[in-house]
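According to this note's numbering, the sequence shown is numbered sequentially starting from 10. Written out below as C-alpha cells is the structure these notes cover.
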Amino acid sequence: MPQPVELSLFPSCFGAADWSPDGELAVAGGDSVYILTWKAKAQSNSAQNNSAQNASESWHITRILRVNFFTFAEWPTVHPQNRDDFSVGVEQSSSNVIGLAWSPPGLARYRRSVLAVLTSNLILSLWEPVGANGEWVRVCIINHALYPDPEALQKLHGADLQKTNIRSFQWCPPAQVSQSAGSRSKTPEDRWGVQLMAVTTDANEVVFLRIYRPAGIHQSSQAYIVTKLASHSIHGAEKQFPMACSGSLLQSALRSKIRPTSISCGPWLTREEPSDGSLFSATSVVAVIYGTELRFIQATVGLVDTDPDHEVTPQYEAIIDLKDHPLNSLSEEWAHHRIIGPLKWVHMSQYEKITLSIGIVGGVLTLTWPSSALNSSESAGAGMEIQEWPCSSLPTEEGDLFPRHMEPVSSFFTAHNVQDDVCTLHMGTVGGLGAAIDLDKSGNLETWRVPQWINFVQRYREEYDLDRDLRGYNLARIWGLATYQGFTAVVFTMHPTDMVEYRMNSAEGAFVGLIDEATGEVADMHALFMPPAGDEAQNSAHAKRGQVITSVLSTVEREGGLSPENYKMIYTAACCAITDEQTEQVRHQGQEWLERLAEKTGADLTEEISKCADGSSMISAKSSDHLNGPGGYLFERCEVCDAGLIWDSPREVQCQNGHLFVRCGLSFQAIQEPGVSKYCSICQAEYFDEDLLIRVRDGHVDPAFMHLFDAFDTCIYCDKKFQASIQNR
10 MPQPVELSLF PSCFGAADWS PDGELAVAGG DSVYILTWKA KAQSNSAQNN SAQNASESWH
70 ITRILRVNFF TFAEWPTVHP QNRDDFSVGV EQSSSNVIGL AWSPPGLARY RRSVLAVLTS
130 NLILSLWEPV GANGEWVRVC IINHALYPDP EALQKLHGAD LQKTNIRSFQ WCPPAQVSQS
190 AGSRSKTPED RWGVQLMAVT TDANEVVFLR IYRPAGIHQS SQAYIVTKLA SHSIHGAEKQ
250 FPMACSGSLL QSALRSKIRP TSISCGPWLT REEPSDGSLF SATSVVAVIY GTELRFIQAT
310 VGLVDTDPDH EVTPQYEAII DLKDHPLNSL SEEWAHHRII GPLKWVHMSQ YEKITLSIGI
370 VGGVLTLTWP SSALNSSESA GAGMEIQEWP CSSLPTEEGD LFPRHMEPVS SFFTAHNVQD
430 DVCTLHMGTV GGLGAAIDLD KSGNLETWRV PQWINFVQRY REEYDLDRDL RGYNLARIWG
490 LATYQGFTAV VFTMHPTDMV EYRMNSAEGA FVGLIDEATG EVADMHALFM PPAGDEAQNS
550 AHAKRGQVIT SVLSTVEREG GLSPENYKMI YTAACCAITD EQTEQVRHQG QEWLERLAEK
610 TGADLTEEIS KCADGSSMIS AKSSDHLNGP GGYLFERCEV CDAGLIWDSP REVQCQNGHL
670 FVRCGLSFQA IQEPGVSKYC SICQAEYFDE DLLIRVRDGH VDPAFMHLFD AFDTCIYCDK
730 KFQASIQNR
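Structural data, given as C-alpha cells:
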C-alpha cells in the first residue's frame, strides 16, 4: 500500500500540524519544527509511491533546529519566583514546542504566511525563511509587546512577569475593509486585511495584538512590529474544583493556579453601519477555556483611516473593545461537562448558523447559534442548540478491536468542498478515533461518518501489526490534522498495547499521511503546483501584461510625478505594448505617451511611435549616439559591454553583442544586477525584489516603482506567491 512520510520526531503537543495557505506543512516535534513543501517536479514517481522512500522524495523536508534556543535579548533571564508566581514551564521546562500556527496570507515577506511557534517556556515567536537558501530564522518575539516598555526590556518579577507569559494563542481572521468603504485605490492592507492575534497569559488575561510588517524595514530583528490593542481579565473560579472542601486552603490554592489553556476567535460579524467614523466595524465571540470552564468574550474591532503616505505607519488604525459576553450567563447549560479542548469555530459566510466545537472528556460538545443572535448582545442565547457527541457513539473503522473512547480530542479542522459547497468538521483523538460531520446549507450538523484519512491510518496500522506480529494489540495515536485545497494531512504515531513500550530517542518517528479526501488515495498534489500551460495560459499572460501596462501608463504620473525614473518606466511599458502585440487601445495609449516623452526629453522615438501604429513587434537596439544623446536615460544599455538592448520580447532581452538577460515580469526592465531578484514559487518567473533594490541602491527607488510592486504583489502569470530563490524547486 502507499506509505506515509516518516519524520524523525515525536509530536510534542496536540494540534501538531498546520498547513499554510501557500502549501507549506509544519509539524511540531520536541525542540524542532519540520516544514514539508511539495516538490513541483516530483510527478515522475508520484503515481508509484509504493515505498516510504518514494513518499518522502515527493517533498522538500526542512528541519528548523533548536526552536528552544533563545538569546538574552530575546528572552531576558528569569530568576526563580515565589510560590504564588512561579511557572514550571518558564523556569524548568526544556522549552519544547507546544503549539504552532500559520498566519493568514499577506503578513510575511512576499505576502506569504509567517509561522508562529509557542514553546513550553511560554514564549511565542514568529519564524520565516530568510535569504536565498531559505534558512528559517526567528524574526519576532510576541511576548515583548506585553512588557511595560517593549522598547526597553527589563527583568520582571511576580505579577508583571505573569502578564508576559503566553499560555495560548490564535490568529484571528483578518479585519478587511470592503472595497466600497473607501475611495482610495486598493492597497496591500485592503487586499490582505489587518492581521490580529489573540493570546492568553499567566495573569488570566485575554490580549489582542496587531502584527504588521512595515515597508522600508529590512533587518530581520525589526521585520515585524507588534502592538498591544486591548486586554480583558478573566475572573471567577467558583465552580472549579467542587470536590475540594469549600473554603479550604486546598481549594483556594487550586483555584489560584487556574489558567486559560485554549483560545479561539470566531468569525467577524460585520455591522451595517460602522460607528465612530470607522471604515470597518465588526464583532466576534472569543471562546476561552479557563481551567475546565468555558468563557466567552465579545470583541468589537474598528478600523480608522490614517496617513497613507507614511511608509512605516500602517494604513488603518485598529481599535478593539473587549468585554464579557452575555453567553456567560448560560454557562449552567454546559457546566456539567469537563471541557479540556481544543476549540474550533465552524462557519461560512452564507451559513445562517455558527457552531463552536469543543473537546470534552470522552467526546465532543457542539454549541450552535444563529449568526444574527451572536451579533446582538440582547439575544445572544436565542436559538442556541447544545449537542453532546460521546466518542462511543462515533462510527469506527471495521476491525478496530479495542477502541479507546476516553482519550482526549487532539485536533479539529474544517474543510470546504467547493464543488458541492459543503463544509465538513473533522476530529481526531489520541486514542486513534477519527470522524467527520457535514453541515447542511443552513449550517446545521448532520451525521458523523468515517473520513477517508482515518481509513488510511487504519490500513497502515494493520500493516504495522502484521509486520510485528502484534495480533491486533497496537494503537495509532493521532496528534494533528490539517487541510489544504481538498487534501488532508494527518500526523500519527504507532504504538504496541498490552505490553511495556520502550523506544530510544534515535528511534523516534512520526508518520504524516497525505490523503485526497475525495478519493481516499494518497495525495498527488502535482497539479496544484504546476505552472499554467497551453494556449489559454498564454492568452491569460498576454492579458495580464496588458493590465500592468495600462496600470503603469495611467497611474505613474499620479503616483510619482514625472521624474527620469518615471519616464523610463513609461517608455518600457510602451515598448512592451509594442513587442507583446497588445490591443490597439493599449498601443494607442503607449503611442500618446511616447509622443509626450519625445517632446519632454528630446529623445528620438520615431521608430517606437511608428511601430505603435503599424503593428510591428520588434524595436532595434539604440546606437551609442542615441544612448548618449538627449533623453538617453530612457534607453536600457548592457552593463557588461555598454551596448544597446534589443526589444523583441517581454520575457527576455539580448544586447547587440549577445549578452542575454531576463526581463522583470512586472516592470519589464532588464535584470542586470546580481542578487536583486525574486521568483514565482510556481512558474519561476523572475521579478525585481523591491526590498533588495532599496538596499542595493541605498534607498533610491522611485515611489511609482514601489507603488507598482505594491499593486501587483503576486505573480501576474499564475497569481501565486514569490520566494527568494528557485533552488528548492
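Positions of the beta carbon are idealized from the N, C-alpha and C atoms, including for glycine.
CA-to-CA distance, residue j to residue i, given in whole angstroms
i	j	result
S401	D429	30 Å
L484	R470	7 Å
L603	S625	16 Å
C689	K730	6 Å
I328	L303	26 Å
K631	A586	18 Å
V370	S21	20 Å
S103	T80	15 Å
L109	G24	8 Å
F718	N142	23 Å
L18	A652	57 Å
G368	A168	30 Å
V186	A239	20 Å
R219	S112	12 Å
F520	G441	13 Å
R413	T502	15 Å
D752	T559	It is not possible to answer for residue 752, since the shown part of the chain is limited to 10 through 738.
I735	G140	12 Å
W136	D722	21 Å
V418	G245	26 Å
G275	E397	20 Å
G372	G350	10 Å
V310	A26	29 Å
S67	D533	9 Å
I618	P573	19 Å
One or two residues paired with residue i in a DSSP bridge
i	result
A291	T279, V310
K362	P379
K164	DSSP output for K164 lists no bridge partner at all.
I487	F501
F496	Y493, D525
C584	For C584, which the question treats as bridged, DSSP gives no partner whatsoever.
G437	S420, G443
S240	V216
I558	The partner list for I558 (beta bridge, DSSP) is empty, contrary to what the question assumes.
Y299	P269, E302
V36	A26, Y43
Buried versus exposed call for residue i [16 or more other C-beta atoms within 10 Å across all chains shown]
i	result
Y576	buried
A56	Only weak support exists for where A56 lies, its pLDDT of 45 falling under 50; the value from the coordinates is given anyway. So A56 counts as exposed.
D211	buried
M415	exposed
I579	buried
C650	exposed
K687	buried
S192	Only weak support exists for where S192 lies, its pLDDT of 42 falling under 50; the value from the coordinates is given anyway. When all chains shown are included, S192 counts as exposed.
K362	buried
N514	exposed
G611	exposed
I272	buried
Option in the options with minimal Cα separation from residue i
i	options	result
S633	R646, A694, P269	R646
Q681	E695, E137, S690, D722	E695
Q171	P138, P89, T236, I107	P89
H346	L479, V313, I298	I298
A491	V509, W462, H504	W462
V216	I44, A25, C181	C181
N384	T375, L336, Q396	L336
H668	N213, S381, I655, R486	I655
D525	D93, Y493, N514	Y493
I132	M715, T86, A26, I735	T86
T528	F538, P460, N666, H535	P460
R458	G437, D199, A720, L475	G437
V76	P505, N637, V146, G32	V146
C745	K195, Q732, D707, S658	Given a span of 10 to 738 for the chain in the structure shown, any question on residue 745 remains unanswerable.
C149	G98, V123, E608, H716	V123
S96	H166, T377, L162	H166
Touch test, the region 544-557 against the region 722-732, Cβ-Cβ under 8 Å, three pairs minimum: yes
Touch test, the region 356-373 against the region 426-440, Cβ-Cβ under 8 Å, three pairs minimum: Touching, yes.
Touching by the beta-carbon criterion (3+ pairs, under 8 Å), the region 445-454 and the region 465-480: By the Cβ test, the region 445-454 is not in contact with the region 465-480, since fewer than three Cβ pairs between them sit closer than 8 Å.
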